[in-house]
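Heads up, the sequence shown is in the working numbering, so the first residue is 1 and it goes up one at a time.
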Amino acid sequence: MERWVLVLLNKERKKRKQPLEVKKLNNNYYLYRSTTRWDKEKQKIRKVSEYLGRITKNGVVKKQDTHVVRSVYHYGNARLLHVLSSEIEELLKKNFPQHWQELLACAIVKTIRPVPLKLIRSVWETLFLSTQMHAHLSPKAVGEMMREIGVNYVSQKNFFDGIIKGSKALVFDLSSLFSHSENLRFAEKGHNPDHAYIPQINFLLFFSLDKQLPVMLRPLHGSVRDIKALKNAIDEIETKESILVLDRGFASYKLAELLKSSFKFILPLRRDFKIIDYHMSLRQSFVYRKRGVNWAMKKTNQGFLYIFEDVKMRSEEETTFIGLAEEGKRHIGDKNREALRFGKISLLSNSKMDGQQVYLMFKQRESIEVAFDAMKNELENDKTYLHDDDAVRGYFFVSFLSLYLYYQILRKLKEKKLVSKISVNEVLLELSKVYEIHLGNRKKFSEVPHKVEKLVAALEVDIFPKS
1 MERWVLVLLN KERKKRKQPL EVKKLNNNYY LYRSTTRWDK EKQKIRKVSE YLGRITKNGV
61 VKKQDTHVVR SVYHYGNARL LHVLSSEIEE LLKKNFPQHW QELLACAIVK TIRPVPLKLI
121 RSVWETLFLS TQMHAHLSPK AVGEMMREIG VNYVSQKNFF DGIIKGSKAL VFDLSSLFSH
181 SENLRFAEKG HNPDHAYIPQ INFLLFFSLD KQLPVMLRPL HGSVRDIKAL KNAIDEIETK
241 ESILVLDRGF ASYKLAELLK SSFKFILPLR RDFKIIDYHM SLRQSFVYRK RGVNWAMKKT
301 NQGFLYIFED VKMRSEEETT FIGLAEEGKR HIGDKNREAL RFGKISLLSN SKMDGQQVYL
361 MFKQRESIEV AFDAMKNELE NDKTYLHDDD AVRGYFFVSF LSLYLYYQIL RKLKEKKLVS
421 KISVNEVLLE LSKVYEIHLG NRKKFSEVPH KVEKLVAALE VDIFPKS
């Protein structure tokens, strides 16, 4: 091999930080990304190469360079996401040194546009980051990357430990994605909140209330029930001092199982639970979102019982009861007994805390429900491309990264009190109107619309170069 080829190969290896090799064909040199993967069928390691381009004395001619060369790239939306991804970028580099660029690229693309996996490269090539990062996003490369990430559970755990570190209050929930793929062992028959018994994939998500960010996601076999999933996940979490806010579904299991746990929890109780004392005197109060709330706490054999009464809800439920009684659907003689429950929410915990703090953590639980809806929509688009369990685990990890970036923007909007004025998707749409234009060796930016200038100023993010 000629010396200039070796010099260029070493230069590309340092630049790309990936395993590269050169192949010679018909007196021409070609650059390949070289790696290995485990072949399940042949039970041996197999070498995998991806063609990157032809090597000339002037450098590497990328394989797509034979077509029309793009010179205009979306800048604003990709730049914002790249700035907000700084924390996970460092963790990705540390835990996935061979694939961090592909993972980050997939996450950014799916945050901007929830396209199917096969279209990720098409969207990525419209972003200015594609000229700075060397992410290999062909459908085949992405599929293989998903499987390799799915197999690497240790690196995933280390990544999540880094994200979850410092969280003081966690919300846990479990949801289901239905799948009829015969190749997915994860898609076992199991019950779900809609009482359906069909092939499904369960996935659990932990959401940090104090950070207002998702901090861990795991796929589970469809037959795994909530309490079992929770215990297994808790055993792996490094932040043992966190408080878990659960949903009412856990109250249908034996409370003793929860009380034996080593973690702190807050559990909403259904109104018909016998341990609830509706005769408690609610002598303390606070205001939550312009609604008066009375509350009290007492220690029971099962733990600390907190009862809250939403004054406005109490009045609404009483009005509803009277209306039903007039229609003959309820008996007016039961009003005094039923009135004890009007507007009341009961929470059980194994920790003694300030009542207002407990109520706030419970109310913030709705954040995880919104996160689940966003994720399930994306999973529906891609489930036909997931052919085995390793790919499912890798896909869920990429979905988590995308969800994390989405909530980074949402958190910014909440901090600046802009949620009622503009959505996350609208932010990305407006910023996409700013382009980076390549003119030979020079770069310039398109004019920044006045609306975008005001938005960036309101968010207080530095994403445009100073002129």
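The C-beta atom is built at its ideal place from N, Cα and C for all residues, glycine as well.
For residue 310 and residue 219, I'd like the C-alpha separation in whole angstroms.
Here residue 310 is taken as the residue at index 310 of the sequence shown, counted from 1. Here residue 219 is taken as the residue at index 219 of the sequence shown, counted from 1. Looking at the two C-alpha atoms, the distance is approximately 37 Å.
Do you know how far the Cα of residue 456 is from the Cα of residue 462?
Working through the sequence shown from its first residue, we reach residue 462 at position 462. Working through the sequence shown from its first residue, we reach residue 456 at position 456. Each residue's alpha carbon lies about 8 Å from the other.
What separation, rounded to the nearest whole angstrom, lies between the Cα atoms of residue 180 and residue 113?
For this step, residue 180 is matched to residue 180 along the sequence shown. For this step, residue 113 is matched to residue 113 along the sequence shown. Because the pLDDT of residue 180 is 40, which lies under 50, any placement of that residue in the model is unreliable, and the number read from its coordinates should be weighed accordingly. In a straight line, the C-alpha of residue 180 is about 25 Å away from that of residue 113.
State the CB to CB distance for the pair residue 396 and residue 213, rounded to an integer number of angstroms; the pair is presumed to be in contact (CB under 8 Å).
Within the sequence shown, the letter at position 396 stands for residue 396. Within the sequence shown, the letter at position 213 stands for residue 213. The Cβ separation is near 17 Å, so there is no contact.
Between residue 149 and residue 96, which are expected to be in contact by the criterion C-beta below 8 Å, what is the C-beta distance as a whole number of angstroms?
Here residue 149 is taken as the residue at index 149 of the sequence shown, counted from 1. Here residue 96 is taken as the residue at index 96 of the sequence shown, counted from 1. Indeed, because the Cβ distance is near 7 Å, the residues count as touching under 8 Å.
Hey, quick one: how far does the beta strand (DSSP E) through residue 49 stretch, first residue to last?
Counting from one through the sequence shown, the residue named residue 49 turns up at place 49. Start and end: 44-56.
C-alpha gap between residue 452 and residue 132, whole angstroms:
One-based indexing of the sequence shown puts residue 452 at position 452. One-based indexing of the sequence shown puts residue 132 at position 132. Rounded to whole angstroms, residue 452 to residue 132 spans 24 Å at the Cα level.
Separation of residue 236 from residue 158, as counted between CA atoms
Locating residue 158 in the sequence shown gives position 158, where the first residue counts as 1. Locating residue 236 in the sequence shown gives position 236, where the first residue counts as 1. Taking the straight line joining both Cα atoms gives about 10 Å.
Mapping DSSP to helix, strand and coil, what is residue 169?
Here the question's residue 169 lines up with position 169 in the sequence shown. Under the three-state reduction of DSSP, residue 169 is assigned to strand.
Starting from the C-beta of residue 13, find all residues in its chain whose C-beta is less than 7 Å away, skip the five residues before and the five after it, and write them out in chain order.
Within the sequence shown, residue 13 is the residue found at index 13, counting from 1. The answer, listed in chain order, is 20.
Residue 295 and residue 302 closer than 8 Å at C-beta:
Looking up residue 295 in the sequence shown gives position 295. Looking up residue 302 in the sequence shown gives position 302. No, the Cβ-Cβ distance between residue 295 and residue 302 is not below 8 Å.
Please determine, among 56, 352, 356 and 141, the residue with the shortest C-alpha to C-alpha distance to residue 7.
Against the sequence shown, residue 7 aligns to sequence position 7. The candidate whose alpha carbon is nearest that of residue 7 is 56.
Taking contact to mean at least 3 C-beta pairs separated by less than 8 Å, is the segment 425-436 in contact with the segment 76-94?
Using a Cβ-Cβ distance cut-off of 8 Å, the segment 425-436 and the segment 76-94 are in contact, since at least three pairs of beta carbons, one from each stretch, lie closer than that value.
Which whole-angstrom value is the C-beta distance of residue 15 and residue 34, which I expect to be below 8 Å?
Here residue 15 refers to the residue found at position 15 when the sequence shown is read from its first residue. Here residue 34 refers to the residue found at position 34 when the sequence shown is read from its first residue. Not a contact, Cβ separation roughly 16 Å.
I'd like to confirm the pairing. Which residues does DSSP put opposite residue 349 in its beta bridges?
Looking up residue 349 in the sequence shown gives position 349. Partner(s): 266 and 304.
Would you call the CB atoms of residue 208 and residue 243 closer than 8 Å?
Start at 1 with the first residue of the sequence shown, and residue 208 comes out as number 208. Start at 1 with the first residue of the sequence shown, and residue 243 comes out as number 243. No, the Cβ-Cβ distance between residue 208 and residue 243 is not below 8 Å.
Would you be able to state if there are at least three C-beta pairs under 8 Å between the segment 87-95 and the segment 115-125?
no
Taking DSSP as the reference, what is the three-state secondary structure of residue 82?
Locating residue 82 in the sequence shown gives position 82, where the first residue counts as 1. Helix.
Starting from residue 327, trace the beta strand (DSSP E) in both directions and tell me its first and last residue.
Position 327 of the sequence shown holds residue 327. Here residue 327 belongs to no beta strand (DSSP E), and DSSP marks it neither H nor E.
For residue 101, collect the residues of the same chain with a Cβ closer than 7 Å to its Cβ; drop the 5 residues on either side in sequence, then sort them by chain order.
Looking up residue 101 in the sequence shown gives position 101. So the list reads 133, 134 and 135, once near-sequence residues are dropped.
Judging by CA-CA distance, which residue of 268, 390, 232 and 349 is the nearest neighbour of residue 39?
Numbered from 1 along the sequence shown, position 39 holds the residue referred to as residue 39. Comparing Cα-Cα distances from residue 39 to each of 268, 390, 232 and 349, the minimum goes to 390.
Apply the 10 Å Cβ neighbour rule to residue 65 and answer buried if 16 or more other Cβ atoms are within range, or exposed otherwise.
Here residue 65 refers to the residue found at position 65 when the sequence shown is read from its first residue. In this prediction, residue 65 scores a pLDDT of 45, lower than 50, which makes its location untrustworthy; the coordinate-derived value is nonetheless stated afterwards. Answer is exposed; the Cβ neighbour count stays below 16.
Rounded to a whole number of angstroms, what is the C-alpha to C-alpha distance between residue 317 and residue 152?
In the sequence shown, the residue the question calls residue 317 occupies position 317. In the sequence shown, the residue the question calls residue 152 occupies position 152. Answer to the nearest angstrom: the Cα atoms are 52 Å apart.
Bridge partners - residue 297, DSSP secondary structure assignment:
In the sequence shown, residue 297 corresponds to position 297, counting from 1. Answer by DSSP bridge pairing, in chain order: 306.
Given this structure, state the Cα-to-Cα distance separating residue 268 from residue 348, to the nearest angstrom.
As a working note, residue 268 is residue 268 in the sequence shown. As a working note, residue 348 is residue 348 in the sequence shown. For residue 268 and residue 348, the distance between alpha carbons rounds to 6 Å.
Contacts around residue 365, its chain only, beta-carbon distance under 6 Å, and the 5 residues preceding and following it disregarded
As a first step, residue 365 is located in the sequence shown; it is residue number 365 there, counting from the start. Closer than 6 Å at the Cβ level, and outside the excluded window around residue 365, lie 171 and 245.
Taking C-beta to C-beta, are residue 29 and residue 51 nearer than 8 Å?
The residue you call residue 29 lines up with position 29 of the sequence shown. The residue you call residue 51 lines up with position 51 of the sequence shown. Cβ atoms of residue 29 and residue 51: not closer than 8 Å.
Can you look up residue 439 in the DSSP assignment and give me helix, strand or coil?
As a first step, residue 439 must be located in the sequence shown, where it is residue number 439. Here residue 439 sits in strand by DSSP.
Can you give the Cα-Cα distance for residue 138 and residue 103, rounded to whole angstroms?
Residue mapping note: residue 138 aligns to position 138 of the sequence shown, counting from 1. Residue mapping note: residue 103 aligns to position 103 of the sequence shown, counting from 1. Taking the straight line from one Cα to the other gives about 13 Å.
Could you tell me if residue 308 is buried or exposed, where buried requires 16 or more neighbouring beta carbons within 10 angstroms of its beta carbon?
What you label residue 308 is simply residue 308 of the sequence shown in a count that begins at 1. Buried, by the Cβ-count rule.
Which of helix, strand or coil does DSSP assign to residue 74?
If you number the sequence shown from 1, residue 74 lands on position 74. Residue 74: strand per DSSP, three-state reduction.
Which residue wins for smallest C-alpha separation from residue 266, given the options 442, 362 and 286?
Position 266 of the sequence shown, counted from the first residue, corresponds to residue 266. Comparing Cα positions, the closest option is 362.
May I ask you to report which of helix, strand or coil DSSP gives residue 429?
Along the sequence shown, one-based indexing puts residue 429 at 429. Residue state, collapsed to three classes: helix.
How would you call residue 319, buried or exposed, if buried means at least 16 neighbouring beta carbons within 10 angstroms?
Residue mapping note: residue 319 aligns to position 319 of the sequence shown, counting from 1. Exposed is the call here.
Reduced DSSP secondary structure (H/G/I, E/B, other) of residue 275
For the purposes of this step, residue 275 is taken as the residue at position 275 of the sequence shown. Coil, per DSSP.
By how many angstroms is the C-alpha of residue 321 removed from the C-alpha of residue 359?
Taking the first residue of the sequence shown as 1, we reach residue 359 at position 359. Taking the first residue of the sequence shown as 1, we reach residue 321 at position 321. If you take the alpha carbons of residue 359 and residue 321, they lie about 25 Å apart.
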